[in-house]
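The sequence shown lines up with residues 1 to 168 when you count with full-length UniProt numbering.
Don't be surprised by glycine CBs; every beta carbon is placed ideally from N, CA and C.
Reviewing the structure listed below.
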Amino acid sequence: MSGRKKFKETRHPIYRGVRARKNDKWVCKVREPNSKSRIWLGTHSSAEIAARAHDVAAIALRGKSAPLNFEDSLWLLPRAKSSSAKNIQLTAAEAVRAFPFPNSKKPSSTVEIAEEVSATFFDVEALYYMPALIASMAEGMLLDPPQEGYYYDDNVGSDVDSSLWSDY
Numbered sequence: 001m002s003g004r005k006k007f008k009e010t011r012h013p014i015y016r017g018v019r020a021r022k023n024d025k026w027v028c029k030v031r032e033p034n035s036k037s038r039i040w041l042g043t044h045s046s047a048e049i050a051a052r053a054h055d056v057a058a059i060a061l062r063g064k065s066a067p068l069n070f071e072d073s074l075w076l077l078p079r080a081k082s083s084s085a086k087n088i089q090l091t092a093a094e095a096v097r098a099f100p101f102p103n104s105k106k107p108s109s110t111v112e113i114a115e116e117v118s119a120t121f122f123d124v125e126a127l128y129y130m131p132a133l134i135a136s137m138a139e140g141m142l143l144d145p146p147q148e149g150y151y152y153d154d155n156v157g158s159d160v161d162s163s164l165w166s167d168y
């Protein structure tokens, strides 16, 4: 018998919008609301990666009420700039490349629009200038503790005399 297997045999038992292909590959596509057309999100090396791509598209199309594969997708994955198919495909491809996938050795995904995707890298450490922040925190640990009996605010009435650093 040639042709496609039955849908129930190829779809993933846990993840929405994910279907198995030959050679242990997983494909993902999502239906546009109020339309028969579907947005192709690519062929991926694992079901988890395909499920994350599906979550990006679901959030773009249905917002916070979207049924997601992962609870953390709503705050963890990037948002598409618009609900156009092209923009959703680009954002899903970006999310797949940027997201750390512990179960797969290399988050390899074949997305048909890959040559049109510009590689954007969002460096959180550079945004918050993390090296300087961490150095400043470490420098604060090198300071001597304040002298015993020193109070930051003498106006606050406190009957308890406590110290952060004790000798016992």
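Expected contact under 8 Å - CB spacing of R98 and R52 to nearest Å: Sequence index remark: in the sequence shown, residue 98 carries index 98 (1-based). Sequence index remark: in the sequence shown, residue 52 carries index 52 (1-based). For clarity, residue 98 is Ala in the given sequence; the question names Arg instead. Not confirmed; about 10 Å, so no contact.
Closest by C-alpha distance to S82, when choosing among L68, F70, P131 and L61: Taking the first residue of the sequence shown as position 1, residue 82 is located at position 82. Checking every option, the nearest Cα to that of S82 belongs to L61.
Straight-line Cα distance separating S73 from G63: For the purposes of this step, residue 63 is taken as residue 63 along the sequence shown, with counting starting at 1. For the purposes of this step, residue 73 is taken as residue 73 along the sequence shown, with counting starting at 1. Going by the C-alpha atoms only, they are around 12 Å apart.
I134 - DSSP class collapsed to helix/strand/coil: Counting from one through the sequence shown, the residue named residue 134 turns up at place 134. Here I134 sits in helix by DSSP.
Reduced DSSP category for R21 - H, G, I as helix; E, B as strand; rest coil: Position 21 of the sequence shown, counted from the start, is the residue given in the question as residue 21. Looking at R21 - three-state DSSP - the assignment turns out to be coil, as it is neither helix nor strand.
For A92 and A57, believed in contact at Cβ under 8 Å, the rounded distance: Locating residue 57 in the sequence shown gives position 57, counting from the first residue. Locating residue 92 in the sequence shown gives position 92, counting from the first residue. Rounded, the Cβ-Cβ distance is 6 Å, consistent with contact.
Nearest-angstrom Cα separation, counted from E148 out to L77: Within the sequence shown, residue 77 is the residue found at index 77, counting from 1. Within the sequence shown, residue 148 is the residue found at index 148, counting from 1. Each residue's alpha carbon lies about 49 Å from the other.
Counted within 10 angstroms of its Cβ, other Cβ atoms place S46 as buried (16 or more) or exposed: As a first step, residue 46 is located in the sequence shown; it is residue number 46 there, counting from the start. Classification of S46: buried, given that the 10 Å Cβ count is 16 or more.
Alpha helix (DSSP H) runs wholly inside the UniProt domain "AP2/ERF" (14-71), at least 4 long, in chain order: 47-62
Sub-9 Å separation of R16 and K29 beta-carbons: Counting from one through the sequence shown, the residue named residue 16 turns up at place 16. Counting from one through the sequence shown, the residue named residue 29 turns up at place 29. Going by C-beta atoms, R16 is not nearer than 9 Å to K29.
As assigned by DSSP and simplified to three states, the class of E139: One-based indexing of the sequence shown puts residue 139 at position 139. Reduced to three states, the DSSP call for E139 is helix.
Same chain only: Cβ atoms within 7 Å of residue 213, ignoring 5 sequence neighbours per side: Residue 213 is absent from the structure shown; the chain starts at 1 and stops at 168.
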